[in-house]
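One structure is given below, encoded as structure tokens.
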Amino acid sequence: MSSTVSVPVPRPPETDPTVYDIHHQKWSSTTLPKTEKEWIERAAEVAKILAEDVGVRDREQKIPTAEVSLLKSSGLLKLLGPAKYGGGEQPWDIAYKVIREVAKGDGSLGMVLGYHLLWSWTANVVGTLEQQERVQETIIKNNYLVGGAVNPRDSDLKIKSDGDHIVFDGFKNFNTGGVISDLLVLEGVYEDTNAHIFALAPTKQPGLQFAHNWNNIGLRLTESGSVKIEGVRVPWEEALGWDPKEKKPIDSVLGIPWPSLLLPTIQLVFSNFYIGIALGALTYASKYTVANTRPWPFGGDNKEKATDEFYILERYGSFKAHLLAAEALADKAGSVIANIYTTKSENRASLTARERGEAAEWVASVKIVATDVALEVTAGVFEVTGARATSVKVGLDRFWRDVRTHTLHDPVAYKRREVGRYALLDEVPEPTWAHPVIVIGRMSDRSTDAKVDPVKGYVHEDAFDSGYLKVDDLHTIYYEQYGKRDGKPALFLHGGPGGSISKDSVTSFFNPQVYRVVAFDQRGCGRSTPRSELRNNTTQHLVQDIETLRQHLGINQWFLVFGGSWGSLLSFVYAQTHPESVGSMILRGIFAARKWEFDWFYQAGGGATVYADRYEAFRDHIPREEQHDLVAAYHKRFHSADPEIKAAAARSWSAWELSTGTLHFDPAVQLALLDEENFADTFAGMETHYFVNGCFIEDGQILKKENIAKIAHIPNRIERQRISTSSQWLPIQTVYHCIIAAAFAMNQRGFPDVLGANWFRIAVVRTRRYIFLVHKSDCVAVAGKREILTKLIDSYVAYHGSEPPLRCDILVKARAAVLSAMREIDTYASQKGQLDHLMEVMPLMWLSPTDSGHFIPSYMLRLSRDQECYYFIIWWNIEPPCSPPNWKGPWLRYRETAGADPLEPIECLPLRSNQVAQSIPLVLLKIRIRQDLMALKETFAVVGRRLPSELSDMIMQMVIQFPIVAESMKFLEHQDLTKLIDQVDLQIAELYNEVKEMNPYFWQILANKERYAEVEIKQYERGSEEAGHVLVQETYAGWAETPGALDVIRKRLNN
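When you line the sequence shown up against my numbering, it's residues 7 to 1061, in that order.
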């Protein structure tokens, strides 16, 4: 990079400074403006002077040394400075208007002024109060111009320490105003760290070598070329926001949201000189139109003057209206930024991440509008001035060139996306470029120093602090702190109730270079005392303990609250009780403590189905007459006076809990805790104490609209890492629905009352059934089932000399082998392996097409291959039924049907008679399409149809659950979704009736599967109840994994 400046480019020419002498003399005898009106009038005067020869200066690309001198004489450089040093002490909203005014006359000088005001303000944002005073005094008393070499797109400057100084080295391709400045802001990375330092250095020194190579199409008078920085020394005490003795950033200065105000502040500078340039273009063009533009002589309604032409008046009217709107929006955003600086400068820590983020949204909105309007006006003025206005000597092109050059500074599309997320999800932005210790809502982990174990996660030293905190007359809780002493405070809430903390369980999620991790044993747990005490032990007590601990540790707000399973519920309740104390949340394995969740896991439901063998032991520990409420029955035994009864119940309960938390069950690992002293008593006793009391909250409390609304502003992330029978997947989706919906409500999008009970369906996020299909290495059981299937078929062929007949005992056994694999192995990898196997054996089974072909559509749906499923069904039914295909690869044949429309009329489908196994997945596929169409319809009812493409894409990703709708824009663009939904409803009804005719038992068994015992089917006939059972076994998983699908069928049965 340095080679680009090794041969200096000749210094460009400069304006003769004497041309401005009269203005220097005039302003030298006057004082600075006092009021907003006077400052804007002074700026307008400067703009008028600059506009007189800006076209010539632009063509000759003169260094604006004389023009900067003019800015200095006018006093505009001192606008923001403290009055005690001779500054204007004006707020930022006036500064923005002044920038806009100067840019009307000369866009380049408007940009130079804007950058100066921003960089002269740097110490007010990232420096200490003492540094702020020193820097302001230096700049204002000396009337200095400040430039900046801080382009974030270039490589960072390198900083090393040398005694009492820091030394900058590096190269920047872009710096604004550096050549003509008195001071230059430098920013780089301190040696052996990822920490950044800002500092101001005198420009006139050998270590700053400017290339004078700025030769872009626009803003040609800003001297924004490259600069080589070599050995530039700055005293440590001038490293903004750093402790010069400790040589580390000061957390109270740089570890709060305040420093990140640099980003929205400068972004609004950009927008204001865009608008100013566009206003200048409009003024310049209007004078030209009045004086030079000729009317069009061939319009049939010929005018005498161009100013009478309809199209010219219409365009000027549109330009003016849009610019007025842009100015109004910019002024509003300017007042927001100014208010923050005016009201919070004395207490920077009082600025919250949310306040900063909302201010940034105002600024981003201006950037979007200003970019669009400025480009439209500066290009559109040629339409109202005519072809002669394109002459170089007219100079009208400079306005568009200036705007176009700088609007490429950062893609405005990202601002549109940012505002879209704010409008749709109430998410405020994180800074995309800032000092690494600046935090907004969530912090990107830029540290590379932390040790990471590929299996266990982050590696921490031992706790730097631990202790006991008495929280009431009975309880004392034990706590520990890990990681960075002055890091971002993160609270870890352990599971249970009845769990405890350990170093590995607490720390592995958190980078020790970033976070101050706080964890504690909840009442009665771990090392808290008294052990296993249930008195004064409720969710509300735990919530208060968290607050007491926070205050005891001197933490203003948790940067992050992290909880899993029971910890996720406690996180929700805490955040809803003390939302001001929570900066963000990460939750995993969501548990909402609703009655049906307890029933699902502890009664004959999900847990019993997935782990039937282990559940029997858990259930049968309780007498049959008490098995209707196992939680209560176990709770009763934990309070038994007989210690043997209590111990046995505790061990049985704990064994069930420990054995169902993972797919890879290893008794030696999962049940090892049972051998630890007092573990089972504490764990089982605490859980049943909480569960028999509904966790001491109302049923569904955390998901109530009024409670979700309390935390809708808190950034959150909900994770699910693998199958967990104890915290079923549905609450994740429901929680997301409620949070997003509450954000809509807070933004007054006006929908909950309209949609009634389905209010949360407005913004369904992308919580697909993939959470069921977690990845896992190929399961041995799959291979075992393959062997059984192959051996059964081979043995039949060897004995009979032909393929097995339909539905005979041997074939049903082969089917049972596949069904067994489907039930026992419920992972993505194993399902994909089973599907691949079925495709491989399809030629072998060709004379029995009702067998392998039965399973394939269901597997495809479970793997979210909905469109392929539709292709396969069509292909299966058009292939000659009694002759094997010319097989060249199982995936190639049915793709001949690619392009088939899954919404085509049912009568267009070439379904063979009695193909019930093909019709059933078709019904499910249609239901999925209908659900997505309903979600789209409800979303459009709230946010409307006229959306930017970026926002439309985001809606498709967040609202749509299934691939057919997600992968096609035609649904998003369809003008009558109600009609489309009605069409799908008719198709569902038609297919439903066809299945019912082919097997009158199927729908009843499917919708009420829990009422029917699993039976071994050896022989059956088409249309029989036995056949219905087999069909349900083959297809049930796909239905169960599609939220709401079974409800659709039950509703039809009830009708």
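Think of the CB as a built atom: it goes at the ideal place given N, C-alpha and C, for glycine as much as any other residue.
Taking the C-alpha atoms as reference points, what is the distance between residue i and residue j?
{"i": "residue 107", "j": "residue 49", "result": "6 Å"}
{"i": "residue 579", "j": "residue 549", "result": "7 Å"}
{"i": "residue 86", "j": "residue 44", "result": "14 Å"}
{"i": "residue 381", "j": "residue 97", "result": "29 Å"}
{"i": "residue 603", "j": "residue 1050", "result": "17 Å"}
{"i": "residue 367", "j": "residue 434", "result": "7 Å"}
{"i": "residue 266", "j": "residue 526", "result": "32 Å"}
{"i": "residue 712", "j": "residue 583", "result": "12 Å"}
{"i": "residue 618", "j": "residue 1011", "result": "21 Å"}
{"i": "residue 707", "j": "residue 1005", "result": "43 Å"}
{"i": "residue 23", "j": "residue 227", "result": "15 Å"}
{"i": "residue 717", "j": "residue 591", "result": "10 Å"}
Going by other Cβ atoms of all chains shown within 10 Å of its Cβ, with 16 needed for buried, is residue i buried or exposed?
{"i": "residue 122", "result": "buried"}
{"i": "residue 866", "result": "buried"}
{"i": "residue 557", "result": "exposed"}
{"i": "residue 181", "result": "buried"}
{"i": "residue 880", "result": "buried"}
{"i": "residue 110", "result": "buried"}
{"i": "residue 305", "result": "exposed"}
{"i": "residue 745", "result": "Its pLDDT being 43, under 50, residue 745 is placed unreliably in this model, and the coordinates cannot settle the point."}
{"i": "residue 645", "result": "exposed"}
{"i": "residue 193", "result": "buried"}
{"i": "residue 62", "result": "exposed"}
{"i": "residue 68", "result": "buried"}
{"i": "residue 935", "result": "buried"}
{"i": "residue 937", "result": "buried"}
Could you pull out every residue in the same chain whose Cβ sits closer than 6 Å to the Cβ of residue i, ignoring the five residues on either side in sequence?
{"i": "residue 413", "result": "377"}
{"i": "residue 932", "result": "990, 993, 994"}
Using a Cβ-Cβ cutoff of less than 7 Å, which residues in the same chain neighbour residue i once the five nearest sequence positions on both sides are dropped?
{"i": "residue 969", "result": "870, 872, 873"}
{"i": "residue 6", "result": "Only positions 7 to 1061 of the chain appear in the structure, and residue 6 is not among them; the question remains open."}
{"i": "residue 332", "result": "281, 375, 376, 379"}
{"i": "residue 104", "result": "45, 46, 49, 82, 85"}
{"i": "residue 703", "result": "545, 579, 599"}
Indicate the three-state DSSP secondary structure (helix, strand or coil) for residue i in the structure shown.
{"i": "residue 249", "result": "strand"}
{"i": "residue 945", "result": "helix"}
{"i": "residue 631", "result": "helix"}
{"i": "residue 215", "result": "strand"}
{"i": "residue 379", "result": "helix"}
{"i": "residue 522", "result": "strand"}
{"i": "residue 386", "result": "helix"}
{"i": "residue 152", "result": "strand"}
{"i": "residue 134", "result": "coil"}
{"i": "residue 335", "result": "helix"}
{"i": "residue 1007", "result": "coil"}
{"i": "residue 5", "result": "What is shown of the chain runs 7 to 1061, which leaves residue 5 out entirely."}
{"i": "residue 984", "result": "helix"}
{"i": "residue 537", "result": "coil"}
{"i": "residue 570", "result": "strand"}
{"i": "residue 194", "result": "strand"}
How about residue i and residue j: are their beta carbons less than 8 Å apart?
{"i": "residue 425", "j": "residue 374", "result": "yes"}
{"i": "residue 652", "j": "residue 566", "result": "no"}
{"i": "residue 478", "j": "residue 543", "result": "no"}
{"i": "residue 146", "j": "residue 208", "result": "no"}
{"i": "residue 261", "j": "residue 237", "result": "no"}
{"i": "residue 72", "j": "residue 26", "result": "yes"}
{"i": "residue 120", "j": "residue 153", "result": "no"}
{"i": "residue 537", "j": "residue 484", "result": "no"}
{"i": "residue 18", "j": "residue 218", "result": "yes"}
{"i": "residue 383", "j": "residue 277", "result": "no"}
{"i": "residue 688", "j": "residue 504", "result": "yes"}
{"i": "residue 151", "j": "residue 188", "result": "yes"}
Once you ignore the five residues that flank residue i on each side, which residues in its own chain have a CB closer than 8 Å to its CB?
{"i": "residue 292", "result": "322"}
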